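Notes for the one structure printed next.
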Ligand code: ADP
Ligand code: MG
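In the numbering used here, the protein residues as written are 1073 to 1322.
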């Protein structure tokens, strides 16, 4: 579903991604862990067209992200083509970024109505089902300010699902939550994983990674230091940098 080959990204003279190689298989939960500043968010943002890579190749579902290759040369996609690629990818951020002036159901139906031109009644029905799926059937008409952080994040997940993505990206989805609200969001993510969604999850929740993750990479300094089965990498890290990081977070 995702393939990165020597993906590099710089901001000015600062090289943030220094040749990322990884592969995310369809239907798996792929966890990315690593210290702050190691390039985890930047990598997710590259997958979702929020940043452009400087070198290497990045594919989603077999298609080059943001570029077309012709005669060995790369050509940037047009805005409309980029929008079409982005439509298949859902992203959930640390901060929920809900529209504050819209109710939960309006937040969830917004993209289908605006982007896919789904009729409002149909979009509302589907949004209501999605809110039910994340355990918020009774909060359909609530505004974000009336919801807890955990509830807002579940609305954000439902909103991402409303576009029927083939890939979901999570960037530390529980980091901004009070500890007692983390579980309800992880439970929704676990259910999503059980339903077969392909998920790339940047997280500090090692319990989630161990229990739900199919693969895990440890990133540091813009490279993948170590990768494998989460239980192996977390339980028996091979590299000093991984050991040192895990000793601080576990
Ligand atoms: P992580 O998510 O692992 O904490 P990030 O991908 O957010 O790491 O950031 C990696 C590095 O890239 C950091 O040093 C950060 O300051 C830098 N960086 C991220 N985005 C930008 C940007 N838009 N402009 C300049 N530097 C950036
Ligand atoms: Mg980050």
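For glycine and all other residues, C-beta sits at the position ideal for the given N, C-alpha and C.
Since we're looking at a predicted model, the values are computed, not measured.
Relative to the ligand MG, the beta carbon of residue 1112 is positioned inside 7 Å of a heavy atom. Counting along the chain, the unbroken alpha helix (DSSP H) around residue 1259 starts and ends at 1251-1266. Bridge partners of residue 1269 according to DSSP: none are assigned. Ranked by how close their Cα comes to the Cα of residue 1235, the residues 1279, 1184, 1255, 1288 have 1184 in first place. Apart from the 5 residues on each side of it in sequence, residue 1133 sits with its Cβ closer than 7 Å to the Cβ of 1073, 1238 in its chain, given in chain order.
For residue 1287, no alpha helix (DSSP H) encloses it; the enclosing beta strand (DSSP E) starts and ends at 1287-1292.
Of the residues 1322, 1295, 1196, the one whose Cα lies closest to the Cα of residue 1212 is 1196. In the three-state DSSP reduction, residue 1135 falls in the strand class (E or B).
DSSP, reduced to helix, strand and coil, places residue 1235 outside both helices and strands of the structure shown, so it counts as coil. Taking a cut-off of 8 Å for Cβ pairs, the stretch 1217-1234 and the stretch 1147-1160 do not touch, as fewer than three such pairs fall below it.
Of all alpha-carbon atoms in 1076, 1209, 1253, the one lying nearest the alpha-carbon of residue 1137 is that of 1076.
In this structure, the ligand MG has a non-hydrogen atom nearer than 7 Å to the beta-carbon of residue 1243. With a threshold of 7 Å, the Cβ atom of residue 1295 does not count as near the ligand MG, since no heavy atom of the ligand is closer than that. In this structure, the CA atom of residue 1281 is about 6 Å from the CA atom of residue 1302.
If you draw a straight line from the Cα of residue 1082 to the Cα of residue 1110, it comes to about 13 Å. At least one heavy atom of the ligand MG lies closer than 7 Å to the C-beta of residue 1274. The continuous alpha helix (DSSP H) containing residue 1119 extends over residues 1112-1119.
Distances between the C-beta of residue 1168 and the heavy atoms of the ligand ADP are all 7 Å or more. Not one heavy atom of the ligand ADP falls within 7 Å of the beta-carbon of residue 1091. Taking 8 Å as the upper bound for CB-CB distance, residue 1317 and residue 1099 are not in contact here, some 28 Å apart.
By the neighbour-count criterion, in which a residue is buried when 16 or more other Cβ atoms sit within 10 angstroms of its Cβ, residue 1191 is exposed. Judged by DSSP secondary structure, residue 1146 falls within the beta strand (DSSP E) whose first and last residues are 1145-1148. In this structure, 1117 is the residue among 1117, 1218, 1078, 1291 with its C-alpha nearest to the C-alpha of residue 1163.
Secondary structure note for residue 1163: its beta strand (DSSP E) is the uninterrupted segment 1161-1164.
The Cβ-Cβ distance between residue 1104 and residue 1289 falls below 8 Å. Scanning 1320, 1322, 1297, 1169 for the CA closest to the CA of residue 1310 turns up 1297.
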